[in-house]
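Have a look at the structure below before the remarks.
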Amino acid sequence: MLELLSGLINNLFFVMIPILLYYLFKANRYETLFEQNKVLITVLLSISIILCMLFPFATDAEGEFIIDLRQIPIIIGALYGGYGVGGALLAVFAAMRLSIGGEGVYTSMVNVVMLVAFLPLLRARFFQWSHTKRIIVVSLIAFFSVVANVFGGTLLFGDPIIELAEPYITAALAQFIGTAVVALLIEQMIKNQKMQRSVIQNKKLEVVSHLAASIAHEIRNPLQSIKGFTQLLQQERPTPAKQQEYLSIVEEEIKAAERILNNYLMYAKPGTTTTTPIYLEDVVDHVVQLLEPYAKQHHTQISFSPTHKAQQIEADPHHLSQCLINIGKNGIEAIEGSGTLTLSTEPNGHYARLRIQDDGIGMTKEEVAHLGEPYFTLKKNGTGLGLMAVFTLLQNMKGRVTIHSEKGSGTEFIIDLPLAKRPSASE
Ligand code: ADP
Ligand code: MG
Numbered sequence: 012m013l014e015l016l017s018g019l020i021n022n023l024f025f026v027m028i029p030i031l032l033y034y035l036f037k038a039n040r041y042e043t044l045f046e047q048n049k050v051l052i053t054v055l056l057s058i059s060i061i062l063c064m065l066f067p068f069a070t071d072a073e074g075e076f077i078i079d080l081r082q083i084p085i086i087i088g089a090l091y092g093g094y095g096v097g098g099a100l101l102a103v104f105a106a107m108r109l110s111i112g113g114e115g116v117y118t119s120m121v122n123v124v125m126l127v128a129f130l131p132l133l134r135a136r137f138f139q140w141s142h143t144k145r146i147i148v149v150s151l152i153a154f155f156s157v158v159a160n161v162f163g164g165t166l167l168f169g170d171p172i173i174e175l176a177e178p179y180i181t182a183a184l185a186q187f188i189g190t191a192v193v194a195l196l197i198e199q200m201i202k203n204q205k206m207q208r209s210v211i212q213n214k215k216l217e218v219v220s221h222l223a224a225s226i227a228h229e230i231r232n233p234l235q236s237i238k239g240f241t242q243l244l245q246q247e248r249p250t251p252a253k254q255q256e257y258l259s260i261v262e263e264e265i266k267a268a269e270r271i272l273n274n275y276l277m278y279a280k281p282g283t284t285t286t287t288p289i290y291l292e293d294v295v296d297h298v299v300q301l302l303e304p305y306a307k308q309h310h311t312q313i314s315f316s317p318t319h320k321a322q323q324i325e326a327d328p329h330h331l332s333q334c335l336i337n338i339g340k341n342g343i344e345a346i347e348g349s350g351t352l353t354l355s356t357e358p359n360g361h362y363a364r365l366r367i368q369d370d371g372i373g374m375t376k377e378e379v380a381h382l383g384e385p386y387f388t389l390k391k392n393g394t395g396l397g398l399m400a401v402f403t404l405l406q407n408m409k410g411r412v413t414i415h416s417e418k419g420s421g422t423e424f425i426i427d428l429p430l431a432k433r434p435s436a437s438e
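If you read the sequence shown in the numbering used here, its first letter stands for residue 12, the second for the next number, and so on.
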């Protein structure tokens, strides 16, 4: 009995390990567990299957019927990951099981093939259920899978049910509990990721509304001069040459207004989360234009002289602009009286480097250490979410951030973004 129990605890450990590893190293990412990491998840679950089968917690006297918790990763993989993950896990399982051999092969093969064939069909409905309902349903599936295995095996292949009654009952219960624990971890991760995403979305809305005010203000200027020149055209009856001149000024002003709006809309519209090869300088340029009205309102200069476009980086243009806007906006807000926000790019090995520097109030070491923590803010109306979003998004793009700051003299954000491996011609 003790042996059974310790073997069982081992097995439980094996099935929890991939999810725990994932949780430790990847869960703070913006990605969804099974959608963007199918390969990684499949590898981790395969390791569980192999470990469970190498160290089963019970076998019959001849070692032909092996009882372990390998079904947990298979059920989890097929249900959460679909046919691709399920199929791969089936292959791993089949290779392992066939190499072990014995009478039990038939029953367990039929059992696992059925799981992998039918569980993915449930997914559409499954993902509409609440977290709790999903946990209960997967656990029950895991429990009844063992029951079906035992009775199916006895009826179809005459497996020795009585001899193995105790380990099978234990297996059914252990599988129920083990699956519940694994599903609970997964559901918790899904919940966290959803929350993180909505926090980032909220932050974006807040920044959008801040910028909107200064942008609306900025658009008034071209509109006013358009109005002025159209009035001139109507009232003054100018010569054709003058008419032409006025009209081309009007056209320029319309273009200016259009540019401001386009920049804003590009940022405000919900973005997709795909990285592509882009020029860092283009994104910075766009962000600078977008921040210009905000800077003007705060009596701040923005200085960015784009050097020649170096190599392309691999990044999500929307998310990158979102990061740069948050950092730039902080820099502008940190400047008291008047000052300058300086941006510059330079190559740095396999990365392209961007420096964003302000001569604002700066921060102490302790303050810098807190940056990126949700709700850490030193501003009266701050939310303390901007830099959290920055760190999350940059991490997703495999970027790196370093911050140098000195109280009273200013702050510098240094951002490294990985160069694109396959540059594209697109700008
Ligand atoms: P918020 O801007 O809403 O306060 P952030 O996450 O953007 O939230 O910034 C957190 C805090 O970090 C700010 O309140 C500010 O105290 C500090 N901070 C960020 N960037 C700078 C900077 N460039 N200079 C000085 N302080 C900064
Ligand atoms: Mg901020």
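The beta carbon of each residue, even a glycine, is placed where N, CA and C say it ideally should be. It should be emphasised that the depicted structure is a prediction, and the values quoted were computed from it without experimental measurement.
- Less than 8 Å divides the Cβ of D369 from the Cβ of L352.
- Excluding sequence positions up to five before and after R411, its CB lies within less than 6 Å of the CB of D427, all in the same chain and listed in chain order.
- When secondary structure is reduced to three states using DSSP, Q300 falls in the helix class.
- P67 and G18 have their alpha carbons spaced roughly 7 Å apart.
- A residue is called buried once 16 or more other Cβ atoms fall within 10 Å of its Cβ, and S156 is buried on that count.
- Taking the Cβ of K390 as the reference point, at least one heavy atom of the ligand ADP falls within a distance shorter than 7 Å.
- Taking the C-beta atoms as reference points, A176 is found no nearer than 8 Å to L23.
- I146 sits in a helix when the DSSP states are folded into three classes.
- Assignment of F129 by DSSP, reduced to helix, strand and coil, places it in the helix class.
- In chain order, E384, P385, Y386, F387, T388 place their CB closer than 8 Å to the CB of G395, counting only its own chain and leaving out the 5 sequence neighbours on each side.
- DSSP, read as helix, strand or coil, puts G350 in strand.
- The beta-carbon distance between A400 and Q333, rounded to whole angstroms, is 7 Å. This is short enough to meet the 8 Å contact definition.
- For T394, the distance from the CB to the nearest heavy atom of the ligand ADP is below 7 Å.
- The Cβ neighbour count for E264, taken over all protein chains shown within 10 Å, is at least 16; the residue is labelled buried.
- Using a 10 angstroms sphere on the CB of N337, the tally of other CB atoms reaches 16 or more, which defines it as buried.
- Take the alpha-carbon of H309 and the one of H228: they are about 13 Å apart.
- By the C-beta density criterion, V50 is exposed, having fewer than 16 other C-beta atoms within 10 angstroms.
- When rounded, the separation of the alpha-carbon atoms in L65 and N203 is 34 Å.
- According to the DSSP assignment, R231 belongs to the alpha helix (DSSP H) that extends over 176-246.
- If you draw a straight line from the Cα of I346 to the Cα of V298, it is about 18 Å long.
- Using a Cβ distance threshold of 8 Å, A69 and I78 count as a contacting pair.
- Counting every other CB atom within 10 Å of its CB across the protein chains shown gives L151 a total below 16, marking it as exposed.
- C-alpha of M206 to C-alpha of N21: approximately 33 Å in a straight line.
- Taken through DSSP and simplified to helix, strand or coil, R433 comes out as coil.
- Contact check for G189 and V295: beta-carbon distance about 50 Å, past the 8 Å limit, so the pair fails to qualify.
- Rounded to whole angstroms, the separation of the alpha carbons of V210 and G393 is 14 Å.
- Approximately 5 Å separates the beta-carbon atoms of A153 and I86; this is inside 8 Å, confirming the contact.
- If you draw a straight line from the Cα of L258 to the Cα of K376, it is about 56 Å long.
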